[in-house]
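The sequence shown: position 486 = 486 (full-length UniProt numbering), numbered continuously. Cβ atoms here follow ideal geometry from the backbone N, Cα and C, with glycine treated the same way. Remember, it's a predicted structure, so these values are computed and weren't measured experimentally. Following: one structure in structure tokens, then a few remarks.
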Amino acid sequence: MAHILKRSLFIGLGGTGAQALLHTKKRFLDTYGEVPPMIGFLAIDTDVSTGDKTITRDNVLDVHKNKDFKVSFTPSEVIHIGVQGAASAYEKNKDTIFSWMPQENEYALKNLWQGAGQVRTNGRFGTYFNQKAIMHAVQNKINAIQNIDIANQNTFVPKDAGIEINFVFSIAGGTGSGTFIDIVYLVKHALEGNENIKSIGFAVLPDVFNAMQQGISMANTRPNSYGALVDLDFLMSKDIEKFDLTINLNQQTIPVKEQPFDILFTIGNKNTNGAVIDHISDISEQIGLAMFTGASELSANVNSVYDNVITVLVGGQLDVFDKRAWACGMGVSELYYDGNTLSNIYTRRLSQLMINNLLRQDESAQPLANTFIDNPEVNIRENNGNDNLINSLLNNRPQNQFPYVDDLSDILNQINAYLTNLEETSEKNIVINTDNKFQDVKEQLKNFVLNTLNDSYGVGNTKHFLEDLKHQLTIFFNEMEEEEAQFIKNRENNEQAIRSEVEALQGMSKGFSFLKKSAINDSKETLSDMVNNQAITINEIKRRVYAKQFLTKLISEVVNYQKVVDTVGNKLKQVQQSLTSFVNNIINSTNERQKTFIIDLHKLDLDKTYAREDEFLMSDFMAILKNGLDNGLLDFETLKIENIEKKFWKYAKDLPKSKEFVNKSIDDVLRTLTEEQTKDIANKLIGKSHALWQYSSKGFVVGQELFDYFVIGLPSANSQFKKAFGTLVQNQNIEYVATGIHNKVICYRMEAASPIYGVLDVEGYSRDHNKIKENMNSMIYHVDKNWLTEMQRRNFSIWPAKKEDNSLQAWVLSFAYELIKLDPETNKYKIYSTNHGDPLDNYWLELSEYRDKAFEIFKRNKFVEEAIISIESRQHKEGEMKSNELIADMKNDYLGNYACVNISRDDLKKPHYQSIADLLKKEIDFVIKELK
Numbered sequence: 001m002a003h004i005l006k007r008s009l010f011i012g013l014g015g016t017g018a019q020a021l022l023h024t025k026k027r028f029l030d031t032y033g034e035v036p037p038m039i040g041f042l043a044i045d046t047d048v049s050t051g052d053k054t055i056t057r058d059n060v061l062d063v064h065k066n067k068d069f070k071v072s073f074t075p076s077e078v079i080h081i082g083v084q085g086a087a088s089a090y091e092k093n094k095d096t097i098f099s100w101m102p103q104e105n106e107y108a109l110k111n112l113w114q115g116a117g118q119v120r121t122n123g124r125f126g127t128y129f130n131q132k133a134i135m136h137a138v139q140n141k142i143n144a145i146q147n148i149d150i151a152n153q154n155t156f157v158p159k160d161a162g163i164e165i166n167f168v169f170s171i172a173g174g175t176g177s178g179t180f181i182d183i184v185y186l187v188k189h190a191l192e193g194n195e196n197i198k199s200i201g202f203a204v205l206p207d208v209f210n211a212m213q214q215g216i217s218m219a220n221t222r223p224n225s226y227g228a229l230v231d232l233d234f235l236m237s238k239d240i241e242k243f244d245l246t247i248n249l250n251q252q253t254i255p256v257k258e259q260p261f262d263i264l265f266t267i268g269n270k271n272t273n274g275a276v277i278d279h280i281s282d283i284s285e286q287i288g289l290a291m292f293t294g295a296s297e298l299s300a301n302v303n304s305v306y307d308n309v310i311t312v313l314v315g316g317q318l319d320v321f322d323k324r325a326w327a328c329g330m331g332v333s334e335l336y337y338d339g340n341t342l343s344n345i346y347t348r349r350l351s352q353l354m355i356n357n358l359l360r361q362d363e364s365a366q367p368l369a370n371t372f373i374d375n376p377e378v379n380i381r382e383n384n385g386n387d388n389l390i391n392s393l394l395n396n397r398p399q400n401q402f403p404y405v406d407d408l409s410d411i412l413n414q415i416n417a418y419l420t421n422l423e424e425t426s427e428k429n430i431v432i433n434t435d436n437k438f439q440d441v442k443e444q445l446k447n448f449v450l451n452t453l454n455d456s457y458g459v460g461n462t463k464h465f466l467e468d469l470k471h472q473l474t475i476f477f478n479e480m481e482e483e484e485a486q487f488i489k490n491r492e493n494n495e496q497a498i499r500s501e502v503e504a505l506q507g508m509s510k511g512f513s514f515l516k517k518s519a520i521n522d523s524k525e526t527l528s529d530m531v532n533n534q535a536i537t538i539n540e541i542k543r544r545v546y547a548k549q550f551l552t553k554l555i556s557e558v559v560n561y562q563k564v565v566d567t568v569g570n571k572l573k574q575v576q577q578s579l580t581s582f583v584n585n586i587i588n589s590t591n592e593r594q595k596t597f598i599i600d601l602h603k604l605d606l607d608k609t610y611a612r613e614d615e616f617l618m619s620d621f622m623a624i625l626k627n628g629l630d631n632g633l634l635d636f637e638t639l640k641i642e643n644i645e646k647k648f649w650k651y652a653k654d655l656p657k658s659k660e661f662v663n664k665s666i667d668d669v670l671r672t673l674t675e676e677q678t679k680d681i682a683n684k685l686i687g688k689s690h691a692l693w694q695y696s697s698k699g700f701v702v703g704q705e706l707f708d709y710f711v712i713g714l715p716s717a718n719s720q721f722k723k724a725f726g727t728l729v730q731n732q733n734i735e736y737v738a739t740g741i742h743n744k745v746i747c748y749r750m751e752a753a754s755p756i757y758g759v760l761d762v763e764g765y766s767r768d769h770n771k772i773k774e775n776m777n778s779m780i781y782h783v784d785k786n787w788l789t790e791m792q793r794r795n796f797s798i799w800p801a802k803k804e805d806n807s808l809q810a811w812v813l814s815f816a817y818e819l820i821k822l823d824p825e826t827n828k829y830k831i832y833s834t835n836h837g838d839p840l841d842n843y844w845l846e847l848s849e850y851r852d853k854a855f856e857i858f859k860r861n862k863f864v865e866e867a868i869i870s871i872e873s874r875q876h877k878e879g880e881m882k883s884n885e886l887i888a889d890m891k892n893d894y895l896g897n898y899a900c901v902n903i904s905r906d907d908l909k910k911p912h913y914q915s916i917a918d919l920l921k922k923e924i925d926f927v928i929k930e931l932k
């Protein structure tokens, strides 16, 4: 089935943007195994090292493929916009293309090749200087996205002709904060003529960076952010086309005729439920998931996850007086069953079992050495009365016997000639026989080692076999040596006896008589027997000399095999250590890392990934092993540890249980859980999807409710998980979408919208900006001095021009949050005020005994604004859920539990308490009908 996706270009500006892009790319690779052809990435940064950044994929089935294990940018996905010699380039062009540069910021240009240095105008300068490269790269990406190869559409089909451009950047630094405005308009210019375009922005606020690091290095983050938000608020104005603003590039001028973004999400480090994220990597990952979600089948199966939000923004229902509501909140959460990781754990545990078997010795090892020695093709036993080896090398009896002695005059020379000739003949034969025998036995040894090694308990049994064989061969050798020594003595004795017999025979032959004939013949026969016996002795010595040489060489072969097998065994042990480390690292990271917005459902199966011995066959493994390895396990001697590990993984990954983990779906897991457990998971998933921002009306409006749009992506339309959400999410703006992704459930929540002044902590950014601004020589935190002049002429402000009376809301909530209380001793109302109260009284200030007068003092003495700030601070700290619980309880019984009424019900009916009664009625009506 083809995947229907939105044509999407993701542009990351600065370090934060680049990191978020890598996470988005990772999501596509994890989900589809590749980056679909209608998806493009472009990272733009002043930091030259951005192109080298990588992140690790944590669910790759084949972790041995390093190129797939890391996610990185290709060269066409990165543009470095650092500038060498920026100061001199500026001097030459400061009255033309750089006429927007504030004079106060000129000094900061000198180190622009290394990075923007948290100076917004530096980032913009890099954009202008590298405009051609940026335009060229953007146009190439857009062309690739628009002109998709038809052949690819068997797998991926574009939703329509429209394109969504996603921009992600931080507004706290120099590059992202200084480039986002111009880059957006450059891209819009490149897409001019295509009306079906959406520009979506993800702007990271400075709070997470300040949580990570304090001190002088963070001095510009909040002023930068305020400058960026003011610039942005100005450009997001409804009548922006009337401001006659332009972006003046070297060869073209781009008129600013429309708002830069259709939707812009402002992303803080605290969500609406009070959870805090203290590292940018977590926020980058969450933005990456959100951008993936906006382009994936979760978005394509509805018109767009952004369409309804855009409708609300255009309608203006959420605007506050003259301020347009455009700042949105975004939250995303994911339920994830990582079957690939579980499969990786299982395959490694099974590999450990296999290695345990290989290293272990079983009872079949005991007879192996004897079986080899007595094999008819080997047959080299030399103990227990056996002479199998020496008999195979040379017969102890010579083929030709010493001839009968006739001529006694030269008898000694005849004997020596015979024995010399015998020894030469035996030498030639035994050399050939020994060499042939050794080659045969050597081949048999190799085959025996291979067969033993490439079997169950291979290493353990082979070690025992080789050690036992070496021991027996050593016994044979020692026996040969003892026998050889004896035969050498015999030879010496035989030589002496032969010489004596020759002398005796020659003596008898002198003075020959008929009576001596018989004695001479007996002596001749004795001499022949002695010579033939010496011939046998010579052969026996030679047989043992060569047998010893044979055994020495064979023992050397055994020792060599022992070294190889030891190496194989040691490498297998190292593989075991690697496997153990791999499994422990995965389990520890899965169990220990508390993910902010991801629920790892596969944690439930971590204790089910153990392997059993009946789940593998060593013979099957050996059959696979021989594919590419002639000698099977023996060739492990020369392989790297990671390659040996891969051999086991290659076998184990195709086993039924391993595939079962990979193919297991969310619904498969949920079917094993109770309804209550499923509902609990759904509730946690919803909790993690709270929008990563906080906002407040700052008292300008009362009871305004933002638009909350919630998309839940399920594996299938009939997923049983849908039922669990139905009882938890009471929201008319919820939509369920079948994604076809079997191992994920994604919740994507959008809240729209607030004017930028209402986003936490924009008011604080403003204060920090104004403090620095008081220094006459301070830098300018806006990117365009001409635009800043235009703002000043128009008296532009991020604050509304009019303020609504919200004193009743502040009064009611002050009771709820115990900022106002009734003193039981004086029966008077008191207010907690650090602005007006005395520290010696713990800041508690007396108002009045009478409720109506206390309320008038509350309104008149500027307690309202202080109370609202205190209340919102408490709400932000406690989170949305507790705030909602408090309001629900107030609606249930405000008068009894919160109002602190110091007059009886009967007295309230008296005429002189009429104004107090009227105030209480207004309070109750407000709580029941308006408080939200």
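Beta carbon of residue i nearer than 8 Å to that of residue j
i: F707; j: L808; result: no
i: N269; j: I283; result: yes
i: T266; j: A203; result: yes
i: T246; j: I254; result: yes
i: F169; j: S177; result: yes
i: T46; j: G82; result: yes
i: F636; j: K571; result: yes
i: L847; j: G837; result: no
i: K141; j: G40; result: yes
i: E382; j: N375; result: no
i: residue 934; j: I498; result: Residue numbering for the chain in the displayed model covers 1 to 932; residue 934 lies beyond these limits and cannot be assessed.
i: M330; j: A290; result: yes
Closest Cα partner of residue i within the set the options
i: Y185; options: H742, Q131, F156; result: Q131
i: Y495; options: E483, N533, F477, T834; result: Residue 495 is actually Glu in this sequence, not Tyr. The candidate whose alpha carbon is nearest that of E495 is N533.
i: L5; options: Y32, H23, A20; result: Y32
i: L606; options: I586, A682, E540; result: I586
i: D95; options: V864, A161, G896, K785; result: K785
i: Q875; options: H23, N273, K771, G227; result: N273
i: Q444; options: Q574, L289, I380, N490; result: I380
i: I555; options: F487, L469, S581, N539; result: L469
i: G726; options: K744, Q704, A691, I686; result: I686
i: L601; options: N743, R27, F616, E525; result: N743
i: L714; options: A738, E676, A724; result: A738
i: T371; options: K323, T452, S409, S99; result: T452
i: M530; options: R491, R767, I310; result: R491
i: V459; options: N539, Y561, I541; result: Y561
i: K26; options: F292, N770, A682; result: F292
Delimiting residues of the beta strand (DSSP E) encompassing residue i
i: V168; result: 156-170
i: K640; result: That residue, K640, is in no beta strand (DSSP E); it is neither H nor E in DSSP.
i: I200; result: 197-204
i: L813; result: Counting along the chain, L813 falls outside any beta strand (DSSP E), though it belongs to the alpha helix (DSSP H) covering 807-816.
Nearest-angstrom beta carbon gap, residue j and residue i [assumed within contact, 8 Å]
i: K688; j: S281; result: Their Cβ separation, rounded to whole angstroms, is 17 Å, which puts K688 and S281 out of contact at 8 Å.
i: P206; j: S225; result: 5 Å
i: K350; j: A652; result: The question names Lys, but residue 350 is Leu in the sequence shown. Going by Cβ atoms, the distance from L350 to A652 rounds to 5 Å, so yes, they are a contact pair.
i: A816; j: Y898; result: 5 Å
Start and end residues, alpha helix (DSSP H) containing residue i
i: N429; result: 411-453
Inter-stretch contact (C-beta, 8 Å, three-pair minimum) for the segment 540-547 and the segment 381-395: Two segments are said to touch when three or more pairs of C-beta atoms, one from each, lie closer than 8 Å; by this definition the segment 540-547 touches the segment 381-395.
Cβ contact (3+ pairs, closer than 8 Å) linking the segment 743-758 and the segment 185-199: No, because fewer than three Cβ pairs between the segment 743-758 and the segment 185-199 fall closer than 8 Å, the two stretches do not touch.
Segment contact flag, the segment 859-868 with the segment 877-892, C-beta cutoff 8 Å, min 3 pairs: No, they do not touch.
Meets three-Cβ-pair contact criterion under 8 Å: the segment 557-568 and the segment 421-430: With a cut-off of 8 Å, the segment 421-430 and the segment 557-568 do not count as touching, because too few Cβ pairs lie within range.
contact_flag[the segment 641-656, the segment 309-327] where n(CB pairs < 8 Å) is 3 or more: Between the segment 641-656 and the segment 309-327 there are fewer than three inter-stretch CB-CB distances shorter than 8 Å, so the stretches are not counted as touching.
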